[in-house]
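In this note's numbering, the protein residues as written are 1 to 368. All C-beta atoms, glycine included, are put in the ideal place defined by N, C-alpha and C. Keep in mind that this is a model prediction, so the values were computed, not measured.
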Amino acid sequence: MANSAQTQELVYLVTGGCGFLGEHVVRMLLQREPRLRELRIFDLHLGPWLEELKTGPVQVTAIQGDVTQAHEVAAAVAGAHVVIHTAGLVDVFGKTSPETIHEVNVQGTQNVIEACVQTGTRFLIYTSSMEVVGPNIKGQPFYRGNENTPYEAVHRHPYPCSKALAERLVLEANGREVLGGLPLVTCALRPTGIYGEGHQIMKDFYHQGLRLGGRLFRAIPASVEHGRVYVGNVAWMHVLVARELEHRAALMGGQVYFCYDNSPYKSYEDFNMEFLGPCGLQLVGTRPLMPYWLLVLLAALNTLLQWLLRPLLLYAPLLNPYTLAVANTTFTVSTDKARRHFGYEPLFSWEESRTRTIRWVQTAEGSA
Ligand SMILES: NC(=O)C1=CN([C@@H]2O[C@H](COP(=O)(O)OP(=O)(O)OC[C@H]3O[C@@H](n4cnc5c(N)ncnc54)[C@H](O)[C@@H]3O)[C@@H](O)[C@H]2O)C=CC1
Ligand SMILES: C[C@H](CCCC(C)(C)O)[C@H]1CC[C@H]2[C@@H]3[C@H](O)CC4=CC(=O)CC[C@]4(C)[C@H]3CC[C@]12C
1 MANSAQTQEL VYLVTGGCGF LGEHVVRMLL QREPRLRELR IFDLHLGPWL
51 EELKTGPVQV TAIQGDVTQA HEVAAAVAGA HVVIHTAGLV DVFGKTSPET
101 IHEVNVQGTQ NVIEACVQTG TRFLIYTSSM EVVGPNIKGQ PFYRGNENTP
151 YEAVHRHPYP CSKALAERLV LEANGREVLG GLPLVTCALR PTGIYGEGHQ
201 IMKDFYHQGL RLGGRLFRAI PASVEHGRVY VGNVAWMHVL VARELEHRAA
251 LMGGQVYFCY DNSPYKSYED FNMEFLGPCG LQLVGTRPLM PYWLLVLLAA
301 LNTLLQWLLR PLLLYAPLLN PYTLAVANTT FTVSTDKARR HFGYEPLFSW
351 EESRTRTIRW VQTAEGSA
């Protein structure tokens with residue numbers, strides 16, 4: 001890769017490149033990877049915004065495809081130097097079946113690994129998730145933890161189970177011989193809850209607040225802390241890892257890194273108010289307005305309703321037993337492993353991340 005680097009010969013593939021995170025990775029690569037010759041964007045649904053990228057100096061190749069289809073993945077991977085695998089089904093609301101989540105997140109990842117091995121691609125970066133660790137089914141807090149903090153990572157929900165399995169596949173594939181005889185180098189990034197431009201759940205909360213006359217009602221105690229990370233910094237970490245993986249293969253290969261920045265630790269609702277507050281919303285209550293047992297009951301009722309209504313319509317509210325448990329459990333990371341291993345520093349300060357997100361919510365309001 002060293003020679004090609006000097007002559008701008010690198011070919012990157014981003015799976016899920018039209019998703020919330022994927023779009024930021026794509027744009028970040030075009031801005032910050034001068035050695036890029038071709039950028040392939042592989043996604044089930046291609047966005048119209050890709051067209052504007054095709055006029056730049058880097059060849060942008062949009063590939064409509066499905067990670068569950070091994071032959072489509074192999075065709076997209078062939079000839080790529082680096083694969084950044086962000087594609088996945090992020091469903092914690094019961095919109096898709098557990099089988100489909102497994103197929104996309106686990107089998108899809110296996111297909112990406114096999115494609116690298118068969119076609120000779122040596123560098124694979126996987127977007128994992130903090131959910132691989134927790135919160136676990138016991139709702140135990142993870143407070144300022146790092147990659148070595150002991151924690152009982154036990155899950156039942158299909159999404160974290162699938163992410164954990166896929167992450168393991170990626171890490172175990174490190175060192176496999178790829179076509180040409182060289183070893184595959186893999187690593188996994190575990191973002192905490194991502195926010196920023198394009199964050200659909202933030203938009204959902206915003207519209208919910210507007211419907212409720214500019215108010216949101218506190219459901220979770222302010223003392224429950226969540227680690228959150230700005231999407232631009234998540235994208236930046238992916239770009240940095242992709243850049244450094246070849247030179248630091250022995251150190252970084254087979255490793256996991258929490259993906260973090262300097263965003264403040266706050267409850268999920270208080271954190272969202274950092275953006276929704278300046279957009280005119282108010283969070284009512286210094287304490288939860290409903291007793292927790294009632295929320296648990298409503299969450300269970302939602303699960304029942306989802307099941308009953310399934311033959312007629314898709315009922316997938318934000319509140320269910322899993323999202324309630326995650327929202328109600330402290331999960332914060334405090335680590336410098338990424339800084340030590342490949343020099344990661346957040347590209348965007350908290351103030352800039354906040355400003356950019358507020359600006360996006362405000363413009364999203366206009367287009368809603
Ligand atoms: N949103 C979050 O807070 C976090 C997300 N992650 C991970 O980051 C990655 C990206 O997540 P988001 O951008 O939030 O989700 P997203 O849903 O916005 O993006 C996922 C992309 O993958 C594509 N995709 C889904 N199924 C596919 C298939 N069968 N074949 C090809 N493409 C397919 C979708 O079309 C979409 O563009 C996921 O792997 C997710 O698990 C990790 C931690 C936190
Ligand atoms: C939807 C939840 C908030 C609703 C709480 C209610 C109903 C009481 O108002 C979200 C709370 C925490 C979120 C998750 C967290 O940020 C970690 C995640 C990591 C991922 O990899 C995917 C997304 C998510 C599971 C995220 C999903 C929404 C929450 C559960």
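- Along the length of the region 195 to 278, whole beta strand (DSSP E) runs at least 3 residues long occupy 215 to 217, 228 to 230, 255 to 259, reported in chain order.
- Fully contained in the region 1 to 61 are the following beta strand (DSSP E) runs of length 3 or more, in chain order: 10 to 15, 36 to 43.
- Here Arg218 is not near Tyr195, since their CB atoms are 8 angstroms or more apart.
- Out of His226, Pro221, Arg340, the CA that lies nearest to the CA of Gly285 is found in Pro221.
- Relative to Gln208, the option among Leu318, Arg359, Gly253 whose CA is nearest is Leu318.
- Counting only runs of 3+ residues, the beta strand (DSSP E) found wholly inside the region 73 to 155 occupies 82 to 85, 123 to 127, 142 to 145, in chain order.
- Between the C-alpha atoms of Leu294 and Thr186 there is a straight-line separation of about 45 angstroms.
- Sixteen is the threshold: since fewer than 16 other Cβ atoms of the shown chains lie within 10 Å of the Cβ of Gln200, the residue is exposed.
- With a threshold of 16 other beta carbon atoms within 10 Å, Arg354 meets it and is buried.
- By the 16-neighbour rule on beta-carbons within 10 angstroms, Pro291 is exposed.
- Pairing Leu36 with Val60, the inter-Cα distance amounts to about 10 angstroms.
- DSSP, read as helix, strand or coil, puts Val178 in coil.
- An exposed status is given to Gly181, since fewer than 16 other beta-carbon atoms sit within 10 Å of its beta-carbon.
- For Ala188, the secondary structure class from DSSP, reduced to helix, strand or coil, is strand.
- Counting other Cβ atoms within 10 Å of its Cβ, Ser334 stays below 16 and is therefore classed as exposed.
- With a threshold of 16 other beta carbon atoms within 10 Å, Lys138 falls short and is exposed.
- Cβ neighbours of Ala338 within its own chain (closer than 7 angstroms, five residues either side excluded): Met237, Tyr257, Tyr344.
- Residues Gly134, Tyr151, Phe331 of the same chain have their beta carbon placed closer than 6 angstroms to that of Phe142, with the five preceding and five following residues left out of the count.
- Phe348 is not bridged by DSSP to any residue.
- Contact annotation: the region 151 to 163 does not touch the region 248 to 267, with fewer than three C-beta pairs closer than 8 angstroms.
- Checking the DSSP bridge columns, you'll see Gln69 has no partner listed.
- Taken atom to atom, the span from the alpha-carbon of Pro48 to that of Met273 is near 31 angstroms.
- In this structure, ligand 2 has no non-hydrogen atom nearer than 7 angstroms to the beta-carbon of Met237.
- Excluding the 5 residues flanking it on each side, Ile358 has same chain C-beta neighbours closer than 6 angstroms at Phe275, Pro278, in chain order.
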